[in-house]
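So the sequence shown is numbered by the numbering used here: it starts at 10 and just counts up by one.
Comments concern the structure below.
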Amino acid sequence: MTAGLAIVIVSYNARRDLERCLESLHARPPAMPHEIVVVDNASTDGSAEAARARPGVRVMPMDRNAGFAAANNAGIRASSGDLVLLLNSDTIVPAGAIDRLVDRLLADPGVGIAGPRIVDGEGRVERSFGPMISPLNEARQKAIGRLYDAGVGAVVRYVERQTRREQFVDWVSGACLLVRRAAAEAAGLLDERFFLYTEDVDFCHAVRARGFRVLFTPAAEIVHLRGRSRAAAPRAAQAAYRRSHLAFYEKHHPRWVRLLKWYVRLKADPPG
């Protein structure tokens with residue numbers, strides 16, 4: 010293991026987004042020694058070739074679409090460095106953002122994971138952290154999300170205040186997640202039963218179970234052009250979400266699985 014930072018980017022048929030992400034890293038690289046590893050999940054759009062053409066980028070081609078968690082694990086195992094940044098291919102990294110995120114994590118040896126403030130392409134804040142997933146917490150998060158998206162003033166102000174305050178949380182988004190390698194290895198890396206979605210919440214839970222804390226910090230901010238991969242295959246993304254959601258409840262809240270399965274069937278086959 011060497012001191013420094015490994016940036017692991019998982020890509021699946023998102024060539025334009027990946028090129029934009031890599032360009033932002035090339036134009037505004039982190040100050041600390043780093044490597045960039047792109048794990049390509051058997052893309053068919055030339056993503057791997059485009060990434061190979063970038064200087065300083067190492068490409069790991071997978072022989073199939075192994076999912077987000079498995080591909081990230083492959084990148085973590087193949088890289089070196091005391092710190093690992095899991096970064097979505099549909100992100101843009103402004104100047105200094107990674108350095109500020111690293112500084113905040115290293116300032117407290119008890120912090121195992123740190124996540125930045127995340128905004129979309131229009132500058133609207135993403136709710137990129139929260140309490141552990143549970144039926145009550147999910148209902149609360151969804152209600153806040155709907156009201157925020159509807160532009161309800163009190164809720165918009167609440168979300169803005171929350172995302173401007175540094176705080177310890179249960180999880181931060183895997184769209185941009187900085188973790189100490191020691192913490193990641195102690196947690197056993199990401200649980201590969203989660204093909205797509207909820208793997209970040211589960212991973213943060215595993216890291217916290219090893220005695221580390223998870224920090225959300227607005228000192229760093231990145232842009233997440235969310236929904237690009239999902240938009241390309243919405244039905245497949247929705248199916249992956251449902252499978253991961255059920256797997257999460259089977260692991261963490263088994264008493265609720267039967268009710269969740271009923272709810273999923275109800276949404277899939279609405280009456281009338």
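A virtual CB, placed ideally from N, CA and C, is assigned to each residue, including glycine.
Worksheet item: How is P70 classed by DSSP in three states: helix, strand or coil?
Response: Reduced to three states, the DSSP call for P70 is strand.
Worksheet item: Which same chain residues, not among the five before or five after S52, have their C-beta less than 8 Å away from its C-beta?
Response: Taken in chain order, the residues that qualify are S20, Y21, N22, A23, R24.
Practice prompt. Could you tell me which uninterrupted beta strand (DSSP E) segments, each at least 3 residues in length, are contained entirely in the stretch 156-184, listed from first to last along the chain?
Written response: Listed in chain order, the complete beta strand (DSSP E) runs (minimum 3 residues) inside the stretch 156-184 are 176-178.
Discussion item. Please list the terminal residues of the continuous beta strand (DSSP E) segment that includes F225.
Written reply: Where F225 is concerned, the enclosing beta strand (DSSP E) starts and stops at 222-233.
Worksheet item: If we ignore side chains and look at the alpha-carbon of each, how far apart do L198 and D72 end up?
Response: Using only the alpha carbons, I get a separation of about 21 Å.
Fill in: Separation of R274 from P118, as counted between CA atoms
A straight-line Cα-Cα distance of about 45 Å links P118 and R274.
Worksheet item: In this structure, does DSSP put F212 in helix, strand or coil?
Response: The answer is helix: DSSP assigns F212 an H, G or I state.
Fill in: Backbone secondary structure at L131 - three-state DSSP
In the sequence on display, residue 131 carries Glu and not Leu. If DSSP states are grouped into helix, strand and coil, E131 belongs with coil.
Discussion item. So if DSSP puts L186 in a beta bridge, which residue, or which two residues, is it bridged to?
Written reply: According to DSSP, L186 bridges with L95.
Worksheet entry | Secondary structure of A51, DSSP reduced to three states | If DSSP states are grouped into helix, strand and coil, A51 belongs with coil.
Worksheet item: What separation, rounded to the nearest whole angstrom, lies between the Cα atoms of K260 and S143?
Response: Going by the C-alpha atoms only, they are around 12 Å apart.
Worksheet entry | Chain-order list of residues whose beta-carbon lies under 8 Å from that of R252 (same chain, five-residue window excluded) | Its chain contains F204 as the residues whose beta carbon lies nearer than 8 Å to that of R252, once the 5 sequence neighbours on both sides are disregarded; these appear in chain order.
Worksheet entry | Cβ distance (whole Å) where E135 is taken to contact R235 below 8 Å | Taking C-beta atoms under 8 Å as the contact rule, E135 and R235 qualify, at a distance of about 7 Å.
Discussion item. Cutting at 7 Å between CB atoms, please list the residues of its own chain near H262, excluding the five before and the five after it.
Written reply: Same-chain partners within the cutoff: S143.
Worksheet entry | Selection from V48, R37, R109, L14 that minimises the alpha carbon distance to D91 | If we check each option's Cα against that of D91, L14 comes out closest.
Fill in: Given R222 as reference, the closest of A36, N97, L110, G121 once Cα atoms are compared
Closest by alpha carbon: G121.
Worksheet item: So, is F225 buried or exposed, given that buried needs 16 or more other C-beta atoms within 10 angstroms?
Response: In this structure F225 is buried. Its beta-carbon is surrounded by 16 or more other beta-carbon atoms within 10 angstroms.
Worksheet item: Between which two residues does the beta strand (DSSP E) carrying I16 extend?
Response: First-last of the beta strand (DSSP E) with I16: 14-20.
Worksheet item: By a C-beta neighbour count over all protein chains shown, 10 Å radius and 16 as the cutoff for buried, is F283 buried or exposed?
Response: Since the first residue of the chain shown is 10 and the last is 281, residue 283 is not available in this structure.
Fill in: Proximity winner among R267, A184, I45, R189, relative to V128 (alpha-carbon distances)
That would be A184, whose Cα lies nearest to the Cα of V128.
Worksheet item: Can you tell me whether DSSP reads M10 as helix, strand or coil?
Response: In this predicted model, M10 has a pLDDT of only 42, less than 50, meaning its place in the structure is not dependable; the value taken from the coordinates is given anyway. In the structure shown, M10 adopts coil according to DSSP, grouped into three states.
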